[in-house]
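Novice:
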Amino acid sequence: DVKVTQSSRYLVKRTGEKVFLECVQDMDHENMFWYRQDPGLGLRLIYFSYDVKMKEKGDIPEGYSVSREKKERFSLILESASTNQTSMYLCASSLWVGGPGEQFFGPGTRLTVL
Amino acid sequence: AQKVTQAQTEISVVEKEDVTLDCVYETRDTTYYLFWYKQPPSGELVFLIRRNSFDEQNEISGRYSWNFQKSTSSFNFTITASQVVDSAVYFCALSERETSGSRLTFGEGTQLTVNP
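In order, the protein sequences belong to chains L and S.
So that you can map any letter, position 31 of the first sequence is 31 in the working numbering, and since no number is skipped, the others follow by simple counting.
So the working numbering is basically just the index in the second sequence, starting at one, shifted up by 114.
1) What is the DSSP secondary structure of Thr194/S, reduced to helix, strand or coil?
2) For Leu45/L, which residues in chain S fall below 9 Å Cβ to Cβ?
3) Over what stretch of residues does the beta strand (DSSP E) that includes Ala202/S continue unbroken?
4) Closest by CA to His29/L, which one among Gly63/L, Ser82/L, Cys91/L?
5) Could you tell me which residues DSSP pairs with Gly42/L in its beta bridges?
6) Under 8 Å between beta-carbons, which chain L residues line up against Glu158/S? List them in chain order, please.
7) Does the CB of Ser87/L have a neighbour CB from chain S at under 8 Å?
8) Does DSSP classify Val199/S as helix, strand or coil?
9) At which residues does the beta strand (DSSP E) containing Tyr146/S begin and terminate?
10) Measure from the alpha carbon of Ala81/L to the alpha carbon of each residue in Thr112/L, Met88/L, Gly106/L, then state which is nearest.
11) Going along the chain, which residues of its own chain have a beta-carbon closer than 6 Å to the beta-carbon of Cys206/S, five neighbours each way excluded?
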């Protein structure tokens, strides 16, 4: 079974702190994604990556950066956390199967910024 | 630009009722893919179906069925004889093959509550 794991289920940080959210997948997927989920807004794509060291901005990249040094790991970084970044963060991975394959999701990290 | 609209924010039904979740999409691409995901209270999204734009056949999987109509740009999801375990948030998503690559655009989601 494909497994996507995220480093924390719950995280509480203070305004201005640097925050790292880690995501690891074990099925050699080339594509990885970071979303945030807020009530009434669905899932919004922050950043994604097609390959190691490659990254593309999603719909809401402001205030975030990412790192993909190894194929299995995709990190989301909040350089200086703010209260409006309080949200549920979801990581996903997928294969290209002649078209976009299904995305496999991690359990999510609920981040609270005080 | 691609867009997915799930106009029903919340639906509440009684067990054993049939329920249809609507999904309307916008795209300029001729090749695209549509998805449905389920997010139960535990929070982890579960893949339900992937359909490409060239396959308009309806699909049935147990109590679940999907109706894809290109003429109305809709990809609706029906649960027959609903059960309490069907209570979840359901998301519809779209990917345009040429412009999106592997990324998906999600709708806002529909919260389905099935009452005993």
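All C-beta atoms, glycine included, are put in the ideal place defined by N, C-alpha and C.
Specialist: So, from the listed chains and residues:
1) Position 80 of the second sequence, counted from the start, is the residue given in the question as residue 194/S. Thr194/S: coil per DSSP, three-state reduction.
2) The residue you call residue 45/L lines up with position 45 of the first sequence. Simply Arg217, Leu218, Thr219, Phe220.
3) In the second sequence, the residue the question calls residue 202/S occupies position 88. Unbroken beta strand (DSSP E) run through Ala202/S: 202-210.
4) Position 29 of the first sequence, counting from 1, holds the residue named residue 29/L. Among Gly63/L, Ser82/L, Cys91/L, the Cα nearest to that of His29/L is on Cys91/L.
5) In the first sequence, residue 42/L corresponds to position 42, counting from 1. Answer is Asp38/L.
6) For the purposes of this step, residue 158/S is taken as the residue at position 44 of the second sequence. Result: Phe105, Gly106, Pro107, Gly108.
7) To locate residue 87/L, count along the first sequence from 1; it is residue 87. Chain S, which has no Cβ nearer than 8 Å to the Cβ of Ser87/L, makes this no.
8) Within the second sequence, the letter at position 85 stands for residue 199/S. DSSP places Val199/S in helix when its eight states are reduced to three.
9) Within the second sequence, numbered from 1, the residue matching residue 146/S stands at position 32. First-last of the beta strand (DSSP E) with Tyr146/S: 146-153.
10) On the first sequence, residue 81/L is found 81 positions in, with the first residue counted as 1. Checked all of Thr112/L, Met88/L, Gly106/L; the closest Cα to Ala81/L is Thr112/L.
11) As a first step, residue 206/S must be located in the second sequence, where it is residue number 92. The answer, listed in chain order, is Val118, Gln120, Cys137, Trp150, Gly221.
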